[in-house]
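Chains as they are written, first to last, in my numbering: chain A, 8 to 240; chain B, 8 to 240.
One structure below.
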DNA sequence: CTGGATCAGATTGTACATTATTGGACACAG
DNA sequence: CTGTGTCCAATAATGTACAATCTGATCCAG
């Protein structure tokens, strides 16, 4: 799990949880992401407290946080369950990304310094070097790539929203591989994006990002559908 | 306060709070919205528990929820405070609205039934009849108008996001009046919007909504700035 | 097979112990 | 006399233990 970590953008609203509450949040979240906790599985407060050697209040707090991020569903008097991350859920999140990310990108193009671009190229070089050999590493690098663009945006709310969604999507896509076609396209789009940023082509960059996010969403959804069909068939 | 209520869209994710937790959430939220609780005021768990005649756990739960909605800021070991809803905060939220609402609208135009349109026209008639005489009523009607358009959207996430933001903005704009210019514009845009929907002009409707939201944001921000200047001067 | 009493299991609420922060008193150096 | 730093106590957040309440399922009676 530790190699799944990615640094959040600077200045993102902290969880506001206490030490134990926060680490519990991390632990349970990792259990969900890694699949150790099944979709729809009940999350019994007392059990979790026992397992993580603490008491119930920190667990409740962590569950509330996870609910906020979309990893857990809570219903009154019936407790918490692992949210089954289904196709609708993923589609919803991607669609919001398609709306928001281009706007963040457009702003970045107007603000990018040579250092920013150097950073992007460095990360892109690492992505190309890794060339999807280590999927987790790719996921982390790709997230870093986009974080560079978004983290200094004045609209912290939008950036935070993007980050939350990103985390969920990483949790999902972790289960699948990239098709060859998609690999090529990701590299191509990143390169092209850097070029547009260099040229100050804000509109083109924004349009490209929209396409990039949309393609990414479509790709994951197709994988999910395929896996679904395989399970059923 | 009770006349400030507006019905949330159907199928919005429930808070997941228990009975007491949920009502506490409502109470504290109303106190923040109405200004009975000052910006940055500390929210002491024990006090709140006492005041609302309950114990600390439900209060903690309610505060977590309020944090999720953006009404409260929590920092570890230092407790919760009323979030000062400043201009940046409002601008951030409006900008996200400008990105999301047109997309929701576009879809609605393709799906609207004659009943939907009749509903919109009915609400619009009430808005015109009220003609901003009762600002709270206007706020509620205006919210209903947009809810009709968005609440059945397949992207429940986007709709929920919109609703949360809407609630915050209502909390803010409650403190201000509409300028005459803005009143006229709101009415004009609503009428035009209905016409576009009738004609199935999805793109035009989306563009108009973008303009509508942007104008609304600008209006509120100007009011805030004016109030700020008045305080300072 | 239906329907309601019953009961185990879990959530929710209460009381309290522990631990962290904060502001102020006080001593001391400049 | 003023500014600085340390210690301490008040205050409040956080964690623990437990009581109360709710839910869902099981198991009979009809």
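Don't be surprised by glycine CBs; every beta carbon is placed ideally from N, CA and C.
Status (buried if at least 16 other CB within 10 Å, exposed otherwise) for residue i
i             : result
residue 125/A : exposed
residue 8/B   : Residue confidence is low: residue 8/B scores 43 on pLDDT, short of 50, so the model does not pin down where it sits. Its coordinate-derived value is still stated next. Classification for residue 8/B: exposed.
residue 42/B  : exposed
residue 223/B : buried
residue 45/B  : exposed
residue 55/A  : buried
residue 112/B : buried
residue 162/B : buried
residue 109/A : buried
residue 146/B : buried
residue 73/B  : buried
residue 53/B  : exposed
residue 51/A  : exposed
residue 67/A  : buried
residue 158/A : buried
residue 270/A : Residue 270/A lies beyond the residue range present for chain A, which begins at 8 and ends at 240; the question has no answer from this structure.
residue 60/A  : exposed
residue 231/B : buried
residue 121/B : exposed
residue 206/B : exposed
Residue i - DSSP class collapsed to helix/strand/coil
i             : result
residue 216/B : helix
residue 30/B  : helix
residue 50/A  : strand
residue 88/A  : strand
residue 200/B : helix
residue 62/B  : coil
residue 19/A  : coil
residue 25/B  : coil
residue 13/A  : coil
Contact test: residue i Cβ vs the ligand ATP heavy atom, cutoff 8 angstroms
i            : result
residue 75/A : Looking for the ligand ATP in the displayed structure turns up nothing, as the structure carries no ligands at all.
Contact list for residue i against chain B, beta-carbon separation under 7 angstroms
i            : result
residue 75/A : 75
residue 34/A : In chain order: nothing, as chain B lies at least about 17 angstroms away.
Within chain B, partners of residue i - CB distance below 8 angstroms
i             : result
residue 245/A : Since the first residue shown for chain A is 8 and the last is 240, residue 245/A is missing from the structure and cannot be characterised.
Where residue i meets chain A, residues with beta-carbon distance less than 7 angstroms
i             : result
residue 218/B : Residues of chain A passing the Cβ test: none, with the nearest at roughly 16 angstroms.
Practice task
Please list the residues of the region 153-181 of chain B that have a C-beta atom closer than 8 angstroms to any C-beta atom in chain A, keeping them in chain order.
Solution key: 161, 162, 163, 164, 165, 168
Handout entry: Cβ contact (3+ pairs, closer than 8 angstroms) linking the region 190-203 of chain A and the region 78-96 of chain A
Key = no
Practice task
Could you tell me whether the region 149-161 of chain A touches the region 13-22 of chain A, using the rule of 3 or more Cβ pairs below 8 angstroms?
Solution key: yes
Practice task
Pair every Cβ in the region 121-140 of chain A with every Cβ in the region 160-177 of chain A, then say whether three or more of these pairs are closer than 8 angstroms.
Solution key: no
Exercise for the section: Residues of the region 99-122 of chain B with a CB closer than 8 angstroms to any CB of chain A: list them in chain order, please. Expected result: 99, 100, 102, 103, 106, 107, 110
Problem - Cβ contact check for the region 134-154 of chain A and the region 18-33 of chain B: 3 or more pairs under 8 angstroms - result: no
Handout entry: Three-pair Cβ contact test at 8 angstroms for the region 32-40 of chain B versus the region 211-228 of chain A
Key = no
Exercise for the section: Would you list, in chain order, the members of the region 42-76 of chain B that have their beta-carbon closer than 8 angstroms to a beta-carbon of chain A? Expected result: 64, 67, 68, 71, 72, 74, 75
Exercise for the section: Flag this pair as touching only if the region 75-85 of chain A and the region 127-138 of chain A have three or more C-beta atom pairs under 8 angstroms; answer yes or no. Expected result: no
Exercise for the section: State whether the region 69-83 of chain A contacts the region 169-178 of chain A, with contact taken as three or more CB pairs (one from each stretch) at a distance under 8 angstroms. Expected result: yes
Practice task
Please determine if the region 96-106 of chain A and the region 176-189 of chain A are in contact, where contact requires at least 3 C-beta pairs separated by less than 8 angstroms.
Solution key: yes
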